[in-house]
């Protein structure tokens, strides 16, 4: 089903295709129930009034005064308390200490409260490097933690992790110099 968009310059209505990965919510309320899976990217695409409605359904306190990024963080926390699964995707930034964070392109890859922690063991196991796009299942922060954590790697650079692990590093490729002008 396509979404209808009113064109203010004329009386013609154009059909806009639904955004891939998001439910088609034209003219209907978004409802999140316990046990549903949430995708952080889908939540970033949702407008604030719909996010507030989801937060109200999940009984998030003081949701009306929050920034969008903080509201998404609280919605995700509330969803996981109701035993829902959360999937996310981001670009990995490996830090000198061995661990890394998945950063969101929506916030120009800058640190934020919805960054996802990636453990050093996962970075070694899957041969992850800064700049890799990693997607997988995440868990909420435990007591004393500040960030969501990646618990299962589903894809690396949009491929199965085993396939991505076999890739040759760019620096190890053999250069081919031009032979002719």
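In the working numbering, the protein residues as written are 4 to 184.
Virtual Cβ for every residue (Gly too), placed ideally from N, Cα, C.
Which residue from 41, 43, 144, 99 puts its Cα closest to that of residue 133? The residue with the shortest Cα to Cα distance from residue 133 is 99.
Are residue 74 and residue 55 closer than 9 angstroms when you measure CB to CB? For the pair residue 74 and residue 55, the CB atoms are nearer than the 9 angstroms cut-off.
Let me confirm a value: residue 150 is counted as buried when at least 16 other C-beta atoms fall within 10 Å, else exposed. Which label applies? With 16 or more other Cβ atoms within 10 Å, it is buried.
Contact between the stretch 157-172 and the stretch 104-123 (3+ Cβ pairs under 8 angstroms): Here the stretch 157-172 makes no contact with the stretch 104-123; the two share fewer than three CB pairs at distances below 8 angstroms.
What are the residues that DSSP puts in a beta bridge with residue 119? Note: residue 119 sits in a beta bridge opposite 105, 151.
Buried or exposed for residue 141, please, with buried defined as at least 16 other CB atoms from any protein chain shown within 10 angstroms of its CB. Burial call: buried.
Is the Cβ-Cβ distance between residue 93 and residue 138 less than 9 angstroms? For residue 93 and residue 138, yes; Cβs fall inside 9 angstroms.
Between residue 90 and chain C, is the shortest Cβ-Cβ distance under 9 angstroms, so that the two count as touching? Within the model displayed, chain C is absent; a lone protein chain is all it includes.
Counterpart residues of residue 90 in DSSP-defined beta bridges: According to DSSP, residue pairing for residue 90 in a beta bridge involves 42, 140.
Starting from residue 73, trace the alpha helix (DSSP H) in both directions and tell me its first and last residue. Per DSSP, the continuous alpha helix (DSSP H) segment holding residue 73 begins and ends at 71-84.
Consult DSSP for residue 54 and reduce its assignment to one of helix, strand or coil. Of the three classes helix, strand and coil, the one that applies to residue 54 here is helix, per DSSP.
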